[in-house]
Amino acid sequence: MEEQTSWMFFLGARISLRAGKSGNDASSVGALEAEARSLVFGDIGSGCGRLVVAQALTWPWKSCRGVEIVPSLHDMGQVALQEADRVAKGDENTLSPETLRLLRSMAPCSLSLGDVNDDVSRDIPW
Numbered sequence: 001m002e003e004q005t006s007w008m009f010f011l012g013a014r015i016s017l018r019a020g021k022s023g024n025d026a027s028s029v030g031a032l033e034a035e036a037r038s039l040v041f042g043d044i045g046s047g048c049g050r051l052v053v054a055q056a057l058t059w060p061w062k063s064c065r066g067v068e069i070v071p072s073l074h075d076m077g078q079v080a081l082q083e084a085d086r087v088a089k090g091d092e093n094t095l096s097p098e099t100l101r102l103l104r105s106m107a108p109c110s111l112s113l114g115d116v117n118d119d120v121s122r123d124i125p126w
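Taken in order, the sequence shown gives residues 1 to 126; the numbers are from the UniProt record's numbering.
As structure tokens, this is what we get:
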């Protein structure tokens with residue numbers, strides 16, 4: 001059976017996850033985190049990928065993906081992701097232990113170059 005992936009998109013608006021109650025109690029946060037583990041975060045018009053990386057660092061998403069149409073912005077994001085990966089895998093770091101822990105526990109990220117209406121979006125369930 002093919003796995004069904006749910007997507008969470010932010011298009012300049014705040015969108016709540018389905019799980020949990022409204023409020024900030026520990027059970028609500030726990031329910032949101034549990035649901036996030038089964039969701040893919042998507043950012044259309046991801047620029048250089050800052051929101052994609054921020055989400056990968058702060059929430060336990062299954063993965064985080066961005067789609068950008070401007071090649072120079074996409075290229076900057078790719079360089080940043082490669083550098084973060086290199087630093088996280090390195091033995092000698094000048095980063096704090098907390099920063100290294102965050103980098104090493106970051107959800108998988110990918111940035112795609114293209115128009116969301118083209119083939120780059122073929123795996124996004126509209």
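A virtual CB, placed ideally from N, CA and C, is assigned to each residue, including glycine. These numbers were taken from a predicted model, which means no experiment stands behind them.
Relative to the C-alpha of residue i, which residue among the options is closest?
i	options	result
M76	A34, S110, S38	S110
I44	R86, L32, I69, S105	I69
D85	L73, R101, S72, P71	R101
A88	L73, R104, T94	R104
F41	G30, V53, A31	V53
My output table needs one value for residue i: the three-state DSSP class, helix, strand or coil.
i	result
V116	coil
G42	strand
S105	helix
G30	helix
S63	strand
L111	strand
Decide if residue i is buried, meaning its Cβ has at least 16 other Cβ atoms within 10 Å, or exposed.
i	result
G90	exposed
S46	buried
A56	buried
E98	exposed
L39	buried
L81	buried
Could you name the residues of the same chain whose beta carbon sits closer than 6 Å to that of residue i, not counting the 5 residues immediately before and after it, in chain order?
i	result
N117	none
W59	A36
Could you pull out every residue in the same chain whose Cβ sits closer than 7 Å to the Cβ of residue i, ignoring the five residues on either side in sequence?
i	result
P71	L113
Determine, using beta-carbon pairs with one atom in the segment 60-72 and one in the segment 97-112, whether at least three such pairs fall under 8 Å.
-> Taking one beta carbon from each stretch, the segment 60-72 and the segment 97-112 have 3 or more pairs nearer than 8 Å; the two touch.
The segment 47-56 contacting the segment 68-86, beta-carbon criterion three pairs below 8 Å | The segment 47-56 vs the segment 68-86: in contact.
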